[in-house]
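**Student:** Pasting a structure below so you can have a look.
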Amino acid sequence: MNVNKEIDKKRFDEIVKTKNDEKLDIWYSLKELVELKGISYRSLKNMVKKVYAKHSEQGSIYKKGRRYYIKYTLLDAFELKQPRKYTVYSYPWKSNISYTTVDKYDYKYHQQIVNEITGATPEVNYVYATELDKSERNHVHLMADYEPKYIKPIINSILEKYLDSTQNYRLYCEQVQNKACSINYLMKNPVDNEEI
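For the sequence shown, our numbering gives the first residue as 17, with consecutive numbering after it.
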């Protein structure tokens, strides 16, 4: 490796480490990942050395004695090509969705909207949470196993039906970038949290 590439890699690792240190401080052992990811301990042991070599300098994984500790932001690095069983962390989520409204609506109102969304898309699996923001306004976070281009128009039409126009709500519907971070965000402080 030439000197410039080594310097660039060290700078990159330092930047990532600094950003990782600013994020939530949630760490998992390999034994905890067995349940979270639905992967056998033996398979995780086979994966961890490669992940450690790639991410240890960034501060996302460290070893203490014979045990590895993995930051939640790195959970997606532990994936099987053919999972034996799915957990909320290993399920193939494709869309990260959230919406918020201009006006305040109660939990039951948002629950009705979510019921409409799931009823209009029975082939789609969702996990969702209704959450209060700082101004005591409910908003909803969802993850779905279909692409955003399929789901977004359906959700938009349902929100327009309930909220009159696009000026009364904001919708975010994009591709999932990091499943583990999205799941942790979805479950951070929910009023309600469900899987459909």
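Ideal Cβ positions, reconstructed from N, Cα and C, are used throughout, including at glycine.
These figures come from a predicted structure and were not determined experimentally.
Mind checking which residues open and close the alpha helix (DSSP H) that includes Lys65?
**Tutor:** The sequence position of residue 65 within the sequence shown is 49, counting from 1. Taken as a continuous stretch (DSSP letters only), the alpha helix (DSSP H) holding Lys65 covers 57-71.
**Student:** Select from Leu90, Leu46, Lys66, Val64 the residue whose C-alpha is nearest the C-alpha of Asn200.
**Tutor:** In the sequence shown, residue 200 corresponds to position 184, counting from 1. Of Leu90, Leu46, Lys66, Val64, the residue nearest in Cα terms is Leu90.
**Student:** Thinking Glu190 and Pro164 are a contact (beta carbons under 8 Å), I'd like their distance in whole angstroms, please.
**Tutor:** Here residue 190 refers to the residue found at position 174 when the sequence shown is read from its first residue. Here residue 164 refers to the residue found at position 148 when the sequence shown is read from its first residue. Yes, Glu190 and Pro164 are in contact; Cβ-Cβ is about 6 Å, under 8 Å.
**Student:** Taking Lys110 as the reference, which of Tyr84, Arg153, Leu46, Met159 has the closest Cα?
**Tutor:** Mapped onto the sequence shown, residue 110 falls at position 94. Looking at the Cα atoms, Met159 is the closest of the given residues.
**Student:** Would you mind working out which of Lys204, Arg186, Lys53, Ile174 sits nearest Tyr144, comparing C-alpha positions?
**Tutor:** Residue 144 sits at position 128 when you count from the first residue of the sequence shown. Looking at the Cα atoms, Lys204 is the closest of the given residues.
**Student:** In three-state DSSP terms, what is Leu90?
**Tutor:** By one-based count along the sequence shown, residue 90 stands at place 74. Three-state result, Leu90: helix.
**Student:** For Leu46 versus Val64, is the C-beta spacing smaller than 8 Å?
**Tutor:** Counting from one through the sequence shown, the residue named residue 46 turns up at place 30. Counting from one through the sequence shown, the residue named residue 64 turns up at place 48. For Leu46 and Val64, yes; Cβs fall inside 8 Å.
**Student:** Curious, which full-length beta strand (DSSP E) runs of at least 3 residues does the segment 153-184 contain?
**Tutor:** DSSP runs (the beta strand (DSSP E)) wholly in the segment 153-184: 154-160.
**Student:** Check this for me: beta carbons of Ile129 and Leu96, under 8 Å apart or not?
**Tutor:** Along the sequence shown, one-based indexing puts residue 129 at 113. Along the sequence shown, one-based indexing puts residue 96 at 80. No, the pair does not count as a contact, with Cβ atoms beyond the cut-off.
**Student:** Using a 10 Å radius around the Cβ and a threshold of 16 neighbouring Cβ atoms, would you call Ser181 buried or exposed?
**Tutor:** Here residue 181 refers to the residue found at position 165 of the sequence shown. Classification of Ser181: exposed, given that the 10 Å Cβ count is below 16.
**Student:** Could you please give the first and the last residue of the uninterrupted alpha helix (DSSP H) stretch that includes Ile77?
**Tutor:** Taking the sequence shown and counting its residues from 1, the one referred to as residue 77 is at position 61. No alpha helix (DSSP H) contains Ile77, which is instead part of the beta strand (DSSP E) from 77-80.
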